[in-house]
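Each residue of the sequence shown is one higher than the one before, counting from 8 in the working numbering.
No residue lacks a Cβ here, since even glycine has one placed at the ideal position from N, Cα and C.
Data first, discussion second: the structure below is written as structure tokens.
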Amino acid sequence: MTSAPYRVLAGPECYLPPAAVMHGVRMPSDGEAIVEGVCVPADQGIRTIAERLVSAKNPTFFPGPLLLWKTTTYAIERGRLVRELASEVRAKVIPMPDYRPKYPMIDPAVEINPNHPNLTIWHNKIDVGVFIGVHCHQANLALKIIRGGTSCFTVALCAEDGHEEANASLRDANNDVLATLLAVVQDLKTKGGA
């Protein structure tokens, strides 16, 4: 008996979702993105992410410390692009300023904790969550927890190799890639949505 390939779908999957790589999900190569556990051409990944953002009821961007605390010209432009993208799709922006556990409780309306991201997802009824500027190990932890316990479609815009635990991820997502994503979102909105 053969089984279908494992897909990284929006959850809730289970209390402790399996690591995607343990089920044969591979990281995208140069020029590729990953969508629901399948490597696709990068432009197809950008289009899928844009469609999800445009059709989302409550999209939210989660900028992490790699974006929040950098003051280079590149980082400032990156922040501007994220704000413009968020504005185009009427998304909230909820920061992940650091990775320390926040106990006894965080304020899920204004912050996301990578150790309990589901609290922020549930509180804000987020259907599409976009992570950017989060260190890879912390992003994968948060993405796996979200997949396990929520129905949120997760997107990781990674400056490195991408994230197999996200429902959709772009690798090497530099400012040019963000500008392309913004242009595709604007084009979809002009044409009446996804």
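Residue environment, residue i, which counts as buried when at least 16 other CB atoms sit within 10 Å
i	result
N174	buried
V117	exposed
E172	buried
G31	exposed
R33	exposed
S36	exposed
S176	buried
R107	exposed
L23	exposed
P104	exposed
Residue i versus residue j - alpha carbon distance
i	j	result
P66	L195	16 Å
P115	K198	34 Å
V192	A146	24 Å
G38	Q51	10 Å
L164	P12	24 Å
C143	T161	14 Å
L75	I101	11 Å
T80	L189	19 Å
I152	D168	20 Å
T78	E84	10 Å
D141	R54	Going by the sequence as given, residue 141 is Val instead of Asp. About 22 Å.
A27	R154	11 Å
V15	G156	13 Å
A40	I56	10 Å
Paired residues, beta bridge with residue i - DSSP
i	result
I119	Note: I119 sits in no beta bridge, so no partner.
T161	G136
P48	E39
P100	Note that residue 100 is Val in the sequence shown here, rather than Pro. Its beta-bridge partners are F68.
N- and C-terminal bounds of the beta strand (DSSP E) containing residue i
i	result
E171	Careful: E171 lies outside any beta strand (DSSP E) and carries neither H nor E.
Run of the alpha helix (DSSP H) containing residue i, from where it starts to where it stops
i	result
P124	P124 to N131
D105	From DSSP, D105 is part of no alpha helix (DSSP H); its letter is neither H nor E.
T80	T80 to E95
N147	C143 to G156
A186	N182 to T197
Assumed close pair residue i, residue j - CB separation to whole angstroms, cut-off 8 Å
i	j	result
L88	A186	6 Å
I113	F69	Contact flag wrong, Cβ pair sits at about 13 Å.
P121	A149	4 Å
C159	I133	5 Å
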